[in-house]
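Quick note, the sequence shown lines up with residues 30 to 615 if you use our numbering.
Where is the CB? At the ideal position from N, CA and C, for every residue including glycine.
This structure is a prediction, so every number in the text was calculated from the model and none was measured.
First comes the structure, then the notes that go with it.
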Amino acid sequence: MSILSDSDAITAVDDDGNFRSSPAPSTAFTPFSPARRSKSTSPDSTTKERQYEESLWRRFPGFTWSQRVRDTNSWAWEYGYDIQKGNDRKWVCKICIRKNTLKPKTFTSTGIQNTLNHLYDDHRICAPEGKTKSASQLRAEGRKAKGQSTIAELMKLDTNKPREQAIANGFIKNFDKKHFQRLLMEWIVEANLSFETAEHDKLRKIFAYLNPCVKLCDANLSATSIRRKIVASYEQHKTKVMEVLQSSPGLIHVSFDGWRSGNRHALYGIMCFFQDEKNKPRKIVLGVPEVSTRHSGTNIAAEVLEIIDSYGIKNKIGYFTLDNAENNDSAMAVIGGELGFDGRKRRGRCFGHILNLSAKALLFGSNPEAFENQLSGAAALSETEHDLWRRGGPVGKLHNLVVDIDRSDVLSYLLRGVQQADMDQSIDPRVRARKPLNIVVDNDTRWLSQLYMIRRAIKLRPYLDVMILKHKQAWEQDNRSKKTGLMRRSAVQPRICLSENQLSDKDWDVLEHLATILGFYEVTVKTLEGDGIQRKRKRGWVGSYGNIWDVIQGFEFLMAKLEEYKAFAADYPDPEHYRININLGW
């Protein structure tokens, strides 16, 4: 049996679990010499070694020190504990134990080559002069033999000089290949970058410039390696998530919704909300499956059920929070049938989605969904679509205006130019430093997008009027006959220049009032954007947003505001229109 003494252990590893003399991969290393316990051994080192051994036995219950007389001549035994349980004899990495690694590396007593690979790959420990080298070390030395420089050569250090040797060893010791790869993988994921980014030549040159060890240790990752590590990390953490979910004291509630990614993948995000073992509310993403088939309720339900089943929580499912899409009705029927409950009774509506529908009823009348369905969403706004929106009142006319501007480079540059000319004439340097604003186009999927369109238009109102005037003047100049000075009969006036499409003062008053009312919707939605978890807020108080009781208060707050503004309708343009649409909104 070859067990290091306490003094040996302290010589080899410091209090942080790091070897004090880690060699360069290309340099032979003579490990510390075994030493007997002596009277000079400090009490502190003895205590620490006892703590390390206690940690060893906690991790390997039933094992004892090995009592077999077998070959321990390999230099790897200097870095490992020799333990046994019956006929099972193991080598356990001392460095991993001292670093308190979650899963310390362990190998059978006959797997010495694996042990050597571990010491080199994970701890940068090379074989002593004349001793057996690991396959990993031989590969690294083979790469150097082909012309790869060492840290010492790159930095022009003389390793025969103790100070310069320490500098070279410091670079090697402080570079953790696995940690570097982990950081690279996390950056790729969190920044939502292509996996091929890791292979970009310029990026690798930056890494090599910052630390040559990246290249010398072959730490760069390929796109395939990035994907493999992400999947492996996901599977590794999924096991822990399964344990937490399955031990949750209450039901697990689910929410899912679909969207199309920028590269045209139809994805469904599936989240769950639950209480942990301390009864604190938690949330986590369960999966983002792709639905490549028709988005029927049956197909959606199949993906959701597969995700739920993969976590082993089918018997713990509670309620679902979904939007009002029709395919969610049939999806819940299938899910309920599979899990043994009535899907209709387990389904709740998303609060923000309800408010968005209410806001559209307030803006467009009794059937805003039918009104929207008549719009094809084609690249260019047709005359039929334009008329439909115009019938929606000031909001519809404004929508037509901003869409025309957004789809015309001429109008977009003209609007920016009008703003820039006005700002350049200001005597206030802060005004001159501003950048021109673009219009905001509303859409069907963004909550309260009409509010943001109206707000930006109100801010740009004087510039919009000038833009339309200049555009009309330019059109007249281009279409006026040079001989007669009259407009050509074939000339078609731009749509935004037609009088019936112009926003009148009365229209702008209506838009300002609508912006005020929709502002209350925005406040309510933002107040409830939370997960119910208590946190310390910016102003120092501790509290939570998004609690279920906040929903009731949100409805009551909005109802009071709508009733208040309905009473003021007589002072607004088109009072009857206001009263009717406020009722529709509620």
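Whether or not the segment 289-297 and the segment 321-339 are in contact is what I'm after, with contact meaning three or more pairs of Cβ atoms, one per stretch, closer than 8 Å; do they touch? yes
Suppose contacts are defined by Cβ-Cβ distances below 9 Å. Is residue 112 in contact with residue 136 by that definition? In the sequence shown, counting from the first residue as 1, residue 112 sits at position 83. In the sequence shown, counting from the first residue as 1, residue 136 sits at position 107. Against a cut-off of 9 Å, the Cβ pair of residue 136 and residue 112 comes out as no contact.
Suppose you measure from the CA of residue 313 to the CA of residue 377; what does that come to, to the nearest Å? Along the sequence shown, read from residue 1 onward, the residue named residue 313 stands at position 284. Along the sequence shown, read from residue 1 onward, the residue named residue 377 stands at position 348. Approximately 19 Å between the Cα atoms of the pair.
Terminal residues of the alpha helix (DSSP H) in which residue 112 lies: In the sequence shown, residue 112 corresponds to position 83, counting from 1. Counting along the chain, residue 112 falls outside any alpha helix (DSSP H), though it belongs to the beta strand (DSSP E) covering 109-114.
Proximity winner among 431, 121, 197 and 514, relative to residue 95 (alpha-carbon distances): Locating residue 95 in the sequence shown gives position 66, where the first residue counts as 1. Measuring from the Cα of residue 95, the nearest candidate turns out to be 121.
Just verifying my parser: in three-state terms, what is the DSSP assignment at residue 535? Counting from 1 along the sequence shown, the entry for residue 535 is found at position 506. Three-state DSSP puts residue 535 in a helix.
Residues bridged to residue 295 by DSSP? Counting from 1 along the sequence shown, the entry for residue 295 is found at position 266. Beta-bridge pairing links residue 295 to 289.
Neighbour-count burial assignment, residue 147, 16 or more Cβ in a 10 Å radius: As a position in the sequence shown, residue 147 is number 118, starting the count at 1. Answer is buried; the Cβ neighbour count reaches 16.
In or out: residue 275 buried (at least 16 other Cβ within 10 Å) or exposed? As a first step, residue 275 is located in the sequence shown; it is residue number 246 there, counting from the start. So residue 275 counts as exposed.
What does a CB cutoff of less than 7 Å around residue 497 pick up in its chain, not counting 5 residues either side in sequence? As a first step, residue 497 is located in the sequence shown; it is residue number 468 there, counting from the start. Only 525 and 526 meet the Cβ criterion.
Helix, strand or coil: how does DSSP classify residue 282 here? Numbered from 1 along the sequence shown, position 253 holds the residue referred to as residue 282. Strand.
Pick from 502, 357, 219 and 368: whose alpha carbon is nearest that of residue 344? Stepping through the sequence shown from its first residue, residue 344 is reached at position 315. Among 502, 357, 219 and 368, the Cα nearest to that of residue 344 belongs to 368.
Just to confirm, are residue 285 and residue 333 a CB contact at a threshold of 9 Å? As a first step, residue 285 is located in the sequence shown; it is residue number 256 there, counting from the start. As a first step, residue 333 is located in the sequence shown; it is residue number 304 there, counting from the start. Yes, the pair counts as a contact, with Cβ atoms nearer than the cut-off.
Exposure of residue 278, with buried meaning 16 or more beta-carbon neighbours within 10 Å: For this step, residue 278 is matched to residue 249 along the sequence shown. Exposed: under 16 other Cβ atoms inside 10 Å.
Going by CA-CA distance only, name the one from 139, 134, 158 and 160 that's closest to residue 150. For the purposes of this step, residue 150 is taken as residue 121 along the sequence shown, with counting starting at 1. Residue 150 has its Cα closest to that of 134, out of 139, 134, 158 and 160.
So, does the segment 452-465 touch the segment 475-487, judging by three or more C-beta pairs under 8 Å? no
Would you say residue 507 lies against chain B (beta-carbon separation less than 9 Å)? No chain B appears in the structure shown, which is made up of a single protein chain.
For residue 135: DSSP bridge partner residues: Locating residue 135 in the sequence shown gives position 106, where the first residue counts as 1. For residue 135, which the question treats as bridged, DSSP gives the partners 121.
CA-CA distance, residue 239 and residue 187? By 1-based counting over the sequence shown, the position of residue 239 is 210. By 1-based counting over the sequence shown, the position of residue 187 is 158. In a straight line, the C-alpha of residue 239 is about 21 Å away from that of residue 187.
Just verifying my parser: in three-state terms, what is the DSSP assignment at residue 446? On the sequence shown, position 417 is the one that residue 446 refers to. Helix.
Do residue 181 and residue 223 have their beta-carbon atoms positioned less than 9 Å apart in this structure? Residue 223 sits at position 194 when you count from the first residue of the sequence shown. Residue 181 sits at position 152 when you count from the first residue of the sequence shown. Cβ distance not < 9 Å, so residue 223 and residue 181 don't count as in contact.
Taking residue 227 and residue 217 to be in contact with their CB atoms under 8 Å, please state how far apart those CB atoms are, rounded to whole angstroms. Position 198 of the sequence shown, counting from 1, holds the residue named residue 227. Position 188 of the sequence shown, counting from 1, holds the residue named residue 217. At roughly 6 Å, the Cβ-Cβ gap stays under 8 Å, so residue 227 and residue 217 are in contact.
For residue 156 and residue 263, what's the separation of their Cα atoms in angstroms? By one-based count along the sequence shown, residue 156 stands at place 127. By one-based count along the sequence shown, residue 263 stands at place 234. Taking the straight line joining both Cα atoms gives about 35 Å.
Simplified DSSP assignment, three categories, for residue 350: Stepping through the sequence shown from its first residue, residue 350 is reached at position 321. If DSSP states are grouped into helix, strand and coil, residue 350 belongs with the strands.
In three-state terms, what does DSSP make of residue 212? By 1-based counting over the sequence shown, the position of residue 212 is 183. In this structure, residue 212 counts as helix in the three-state DSSP scheme.
For the alpha helix (DSSP H) holding residue 527, just list the boundary residues, first then last. Position 498 of the sequence shown holds residue 527. Taken as a continuous stretch (DSSP letters only), residue 527 belongs to no alpha helix (DSSP H), as it is neither H nor E.
When you compare only the Cα positions, how much space is there between residue 442 and residue 502? Position 413 of the sequence shown, counted from the first residue, corresponds to residue 442. Position 473 of the sequence shown, counted from the first residue, corresponds to residue 502. Going by the C-alpha atoms only, they are around 16 Å apart.
DSSP on residue 246, reduced to helix/strand/coil? On the sequence shown, position 217 is the one that residue 246 refers to. DSSP places residue 246 in coil when its eight states are reduced to three.
Leaving aside the five residues before and after residue 104 along the sequence, list all residues of the same chain whose C-beta is less than 7 Å from its C-beta, in chain order. For this step, residue 104 is matched to residue 75 along the sequence shown. The residues are 60, 156, 157 and 160.
Count the other CB atoms within 10 Å of the CB of residue 230; is the residue buried (16 or more) or exposed (fewer)? Walking along the sequence shown from the start, residue 230 turns up at place 201. Flag for residue 230 reads exposed.
Just reading off the beta strand (DSSP E) that residue 315 is part of, what are its end residues? Stepping through the sequence shown from its first residue, residue 315 is reached at position 286. Per DSSP, residue 315 belongs to the beta strand (DSSP E) from 310-316.
So what does DSSP say about residue 94, is it helix, strand or coil? Residue numbering aside, residue 94 sits at position 65 when the sequence shown is read from its first letter. Strand, per DSSP.
Please go through the segment 188-238 and give each complete alpha helix (DSSP H) segment of 4 or more residues, from N-terminal end onward. 191-203 and 206-219
Between residue 4 and residue 552, what straight-line distance do the alpha-carbon atoms span, to the nearest angstrom? Look at the range of the chain in this structure, 30 to 615, and you will see that residue 4 is not part of it.
Could you round the C-beta distance between residue 330 and residue 364 to whole angstroms and report it? I think they count as a contact, below 8 Å. Locating residue 330 in the sequence shown gives position 301, counting from the first residue. Locating residue 364 in the sequence shown gives position 335, counting from the first residue. Residue 330 to residue 364, Cβ: 5 Å. Contact.
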